[in-house]
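Chains as they are written, first to last, in our numbering: chain A, 11 to 263; chain B, 94 to 654; chain C, 23 to 278.
Using N, Cα and C, we set each Cβ at its ideal position, and we do this for glycine too.
This is how it looks when you write it as structure tokens:
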């Protein structure tokens with residue numbers, strides 16, 4: 011049985027006391043089929059309806075933890091480079107760090123990205139609505155997909171707008187004379203940080219497109235939920251990373 | 094059915110990883126033999142290759158280190174063995190993401206091929222060591238091999254970071270999410286604990302290496318100045334454009350580099366515990382402590398990176414801080430060693446037993462691991478003291494230290510694992526006589542190769558020197574030492590041929606193995622896959638009625654006993 | 023200072039493969055090295071004896087000797103050893119690195135370049151002249167790029183051999199032109215990297231006259247093994263006459 015959000019009070023299986031005692035009670039309204047009745051003779055264990063979802067969420071979590079360390083390394087390089095300098099001919103310590111004013115379009119981009127996280131989350135939650143999920147699981151159409159798909163398309167559009175906005179920001183900087191290989195380190199970092207984040211977001215958009223396709227191609231509701239759920243967590247994380255990176259570029263130069 | 098070549102079956106992938114490491118270790122050993130021969134006969138042309146120029150020697154050093162550390166010591170003990178047995182050891186059917194496992198392997202293979210391609214580009218392989226400090230590694234004009242060769246090195250290690258990251262995600266998701274019912278944390282085999290900690294370390298630090306590589310690539314080709322300082326003058330051209338800091342690379346690299354060496358050795362520690370339990374026929378006294386010590390070593394390993402940088406221009410107060418944390422790692426390591434030693438001497442719980450531990454080949458290699466871990470580890474506290482390191486840094490003392498504690502301990506643990514799990518891979522046992530011969534010749538050869546290096550280091554001989562005589566010094570006092578080391582190295586390499594023969598012959602013609610030939614208790618030896626909840630600990634050996642009995646983990650603990 | 027307990031230098035070395043020590047702090051360092059090596063050799067031997075005994079003996083009785091309290095006792099014995107190692111070494115490190123050189127220390131600049139060491143003496147004005155990478159030209163005799171417009175550099179003496187007077191503290195100012203090099207003087211027990219973009223300092227006091235090799239300890243390119251120089255420690259009188267001769271030669275050179 012696939013994972014759902016449910017508002018009914020659910021009693022989760024209690025630990026086996028071992029020596030007699032009451033058997034575990036399951037008061038879920040839907041009878042609890044699929045997770046506990048072991049209909050395919052799989053080895054029993056602490057698995058519930060969320061087994062596959064939990065596994066993929068764990069994978070995404072660890073992958074993002076590694077990614078976080080990547081960005082942490084870049085940010086620490088930023089701070090080190092910011093405070094670097096040399097002694098000039100008059101023994102003054104001079105730094106070649108000149109704070110770069112971020113193009114104002116970045117504010118708009120940030121707003122767009124936050125909005126896209128909102129739409130992504132709405133899309134994600136549509137795929138967990140209990141009634142619709144049950145319908146899909148029983149093969150009665152795809153109401154959950156129909157609810158989620160427009161929101162996913164909206165996220166796709168917003169994400170693409172964000173990337174377009176980043177490109178505009180780059181063009182604005184180029185017009186003002188700041189290239190990636192200007193001798194200016196704050197210029198390097200701007201392009202590097204926004205570029206790396208942009209690549210991650212591009213991967214996110216590709217994942218989104220894949221999830222959108224998967225909603226119509228994949229046959230099991232669990233897999234559809236996983237596709238959208240993992241994409242959504244990745245998307246939110248990229249949004250949170252962007253907020254920190256934007257704050258870094260805008261306020262910590 | 095998927096195509097056989099792109100299998101996702103974990104055991105076959107494990108074997109593929111091990112074969113990758115085997116091919117790499119053969120290449121790496123060959124490179125090191127060329128280095129050793131050149132050092133004692135610097136002006137003699139070698140067959141086929143001819144006379145080694147100084148940059149060729151440095152290219153050999155760089156590639157030897159890179160190949161061995163990344164493709165042998167990071168792959169085989171961690172993802173190689175984990176793919177082989179981790180799912181079964183925790184009662185799962187497969188890794189959490191089998192296709193990711195396969196992808197991780199093929200990316201690692203691609204990384205290896207890209208790295209080896211560096212030998213064949215114009216000007217050859219890079220010469221900046223496996224640590225590739227800038228500006229030497231950042232400016233193509235700074236040396237031969239720093240052009241295309243260095244780019245290939247960066248591409249290869251970048252791919253390898255990706256492969257390791259995916260493998261670590263896989264292993265962590267498997268250990269945390271796929272354990273069978275009843276497989277609680279205190280019932281995990283110690284190997285699983287080791288893989289858990291190594292995966293967390295991998296996840297944290299390879300990303301930092303990837304960031305450093307991206308920055309270095311940007312310095313080389315995209316005109317930035319992260320690592321190259323202003324006014325840097327190479328070969329008459331000023332190449333420094335901004336206030337880059339070479340120390341930034343050192344910090345980023347060693348933040349990765351130190352946990353990397355723990356990634357190389359921790360799986361061996363877990364395996365040693367498992368093998369000692371199996372062959373000494375006893376449980377692990379202080380299981381929780383041993384597991385906690387592995388965690389402690391992993392955690393502390395993240396805060397000691399500065400001990401590679403004591404004389405690199407770091408603040409001396411930082412040197413003291415790193416010295417304290419590095420010395421602190423000696424404590425959990427000592428606890429582990431004492432735990433192993435007591436496992437070998439304490440009698441099995443329950444009473445007396447007339448015959449002591451058994452010593453088939455896997456156990457011998459585990460003992461060899463212990464020997465090198467102790468010997469190499471004990472020189473760690475010496476190098477951890479900045480005052481002494483200010484003499485010994487980058488001398489052959491350091492080379493001796495890390496070869497003993499990481500390379501030899503690591504490879505002995507890999508051998509132990511291969512001999513131990515060979516019946517699982519092929520259904521046959523490896524030849525015991527050849528195995529014992531391999532062990533004894535290897536341990537004598539390894540001690541003979543790396544122990545005298547301490548003496549060379551104390552005499553002050555620096556690393557990366559292609560010959561002993563120079564304009565100011567001849568190191569003539571240690572020429573005999575160096576010749577001895579080279580002879581021992583050749584002997585050691587020759588002994589590995591026994592292993593190669595044994596592996597490939599036994600895979601076809603070895604003695605068919607009984608199920609559970611080592612009388613192990615861990616789940617990978619379970620004869621049938623269908624068993625239920627786990628009720629037992631990982632190493633339940635005991636004496637009952639004056640007889641050694643053991644309870645494998647797949648047996649249920651009946652409450653009627 | 024631990025130099026109060028001066029030991030004959032040869033005792034420390036003759037068992038240790040270390041080259042003869044010629045510096046003041048090296049005596050304590052050699053002694054520390056000796057005790058460290060003894061301690062770890064004992065531990066290593068003991069562990070291996072334990073291992074071999076474990077292999078050979080057949081436990082016939084319940085050996086309380088190896089039980090858990092014994093393990094903790096061993097750990098309790100080893101931890102103070104680690105602490106002692108750390109503390110003694112820390113004293114030495116603090117003594118040589120925390121404080122800067124004394125105010126009477128002589129200053130010499132060491133510049134590493136692929137694949138050559140240069141040593142610069144500040145001359146009678148005790149000030150180093152400004153150098154610019156753009157002016158560096160070894161062919162015309164200005165390998166460090168001394169700027170002729172800076173009067174402080176007019177008396178700087180550049181040498182490819184390091185000559186120091188015995189008994190006087192020297193503060194080495196370390197620079198590098200191109201890549202990271204490592205200044206290593208085994209006989210003085212001194213090592214510090216020279217990092218381009220940084221000016222690092224290391225100070226010591228040579229005590230014993232003699233010649234000591236100077237090596238490069240950080241791989242810097244294909245000439246790494248050849249990047250060597252010689253340190254000559256001479257009596258103060260000899261040093262003064264050597265420096266005076268070089269300064270005279272310098273002042274007779276046409277302005278760069």
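To the nearest angstrom, how far is it from the Cα of residue i to the Cα of residue j?
i: residue 554/B; j: residue 483/B; result: 14 Å
i: residue 40/A; j: residue 646/B; result: Caution applies to residue 40/A, whose pLDDT of 46 falls short of 50 and renders its modelled position unreliable; the value that the coordinates give is listed next. Those two C-alpha atoms are separated by around 36 Å.
i: residue 168/A; j: residue 593/B; result: 58 Å
i: residue 57/B; j: residue 436/B; result: Residue 57/B is absent from the model: chain B starts at 94 and stops at 654.
i: residue 161/C; j: residue 486/B; result: 34 Å
i: residue 387/B; j: residue 189/B; result: 24 Å
i: residue 336/B; j: residue 93/A; result: 9 Å
i: residue 188/A; j: residue 408/B; result: 35 Å
i: residue 666/B; j: residue 130/C; result: As shown, chain B starts at 94 and ends at 654. That puts residue 666/B outside it, with no answer to give.
i: residue 225/B; j: residue 342/B; result: 9 Å
i: residue 296/B; j: residue 111/B; result: 21 Å
i: residue 165/C; j: residue 182/C; result: 10 Å
Give me, in chain order, the residues of the same chain whose beta-carbon lies closer than 7 Å to that of residue i; leave out the 5 immediate sequence neighbours on both sides.
i: residue 251/B; result: 303, 306
i: residue 569/B; result: none
i: residue 126/B; result: 582, 583, 586
With 8 Å as the threshold, decide whether the Cβ of residue i is near any Cβ in chain A.
i: residue 270/B; result: yes
i: residue 258/B; result: yes
i: residue 252/B; result: no
i: residue 190/B; result: yes
i: residue 318/B; result: yes
Give every residue of the same chain whose Cβ lies closer than 6 Å to the Cβ of residue i, excluding the five residues on either side of it in the sequence, and list them in chain order.
i: residue 112/C; result: none
i: residue 579/B; result: 129, 133
Hey, does residue i have any beta-carbon neighbour from chain C nearer than 8 Å?
i: residue 236/B; result: yes
i: residue 663/B; result: Here chain B has residues from 94 to 654 only, and residue 663/B is not among them.
i: residue 226/B; result: yes
i: residue 428/B; result: yes
Compare the C-beta of residue i with all C-beta atoms of chain B and state if any pair is closer than 8 Å.
i: residue 196/A; result: no
i: residue 162/C; result: no
i: residue 20/C; result: With chain C represented from 23 up to 278, any question about residue 20/C goes unanswered, as that position is not in the structure.
i: residue 201/C; result: yes
i: residue 202/A; result: yes
i: residue 170/A; result: no
i: residue 127/A; result: no
i: residue 158/C; result: yes
i: residue 122/C; result: no
i: residue 240/C; result: yes
Leaving out five residues before and five after residue i in sequence, what residues of the same chain have Cβ atoms less than 8 Å from its Cβ?
i: residue 279/C; result: Nothing about residue 279/C can be reported from this structure: the residues present for chain C run from 23 to 278 only.
i: residue 108/A; result: 194, 196
i: residue 108/B; result: 177, 518
i: residue 120/A; result: 252, 253, 256
**Message:** Any C-beta of chain B within less than 7 Å: which residues of the segment 64 to 83 of chain A qualify?
**Reply:** 64, 65, 68, 69, 72, 73, 75, 76, 77, 79, 80, 83
**Request:** Would you list, in chain order, the members of the segment 86 to 101 of chain A that have their beta-carbon closer than 9 Å to a beta-carbon of chain B?
**Result:** 86, 87, 90, 91, 94, 95, 96
**Near-chain A residues of the segment 320 to 342 of chain B (beta-carbon distance less than 9 Å), N- to C-terminal order** = 322, 323, 324, 334, 335, 336, 337, 338, 340, 341
**Request:** Note down, in chain order, all residues in the segment 179 to 191 of chain A with a beta-carbon under 7 Å from any beta-carbon belonging to chain B.
**Result:** 190, 191
**Near-chain A residues of the segment 472 to 492 of chain B (beta-carbon distance less than 8 Å), N- to C-terminal order** = none
**Message:** What are the residues in the segment 408 to 423 of chain B lying within 7 Å of chain C by C-beta distance?
**Reply:** 409, 412, 413, 416, 417, 420, 423
**Item:** Residues, ordered as in the chain, of the segment 357 to 388 of chain B that lie near chain C by beta-carbon distance below 8 Å
**Value:** 378, 379
**Request:** Report the residues of the segment 44 to 62 of chain C with a CB closer than 7 Å to any CB of chain B, ordered along the chain.
**Result:** 51, 54, 55, 58, 62
**Message:** In chain order, what are the residue ranges of uninterrupted alpha helix (DSSP H) at least 4 long that sit wholly in the segment 87 to 147 of chain C?
**Reply:** 90 to 115
**Item:** In chain order, each alpha helix (DSSP H) run of at least 4 residues that lies wholly inside the segment 562 to 633 of chain B
**Value:** 572 to 602
**Prompt:** Any residues in the segment 204 to 220 of chain C with a beta carbon nearer than 8 Å to a beta carbon of chain B? Which ones, in chain order?
**Reply:** 204, 206, 208, 211, 212, 213, 214, 215, 217, 218, 219, 220
**Request:** Anything in the segment 237 to 262 of chain A with a Cβ closer than 9 Å to a Cβ of chain B? List those residues in chain order, please.
**Result:** none
**Message:** For a minimum of 4 consecutive residues, which ranges assigned as the alpha helix (DSSP H) are wholly contained in the segment 372 to 410 of chain B?
**Reply:** 380 to 393
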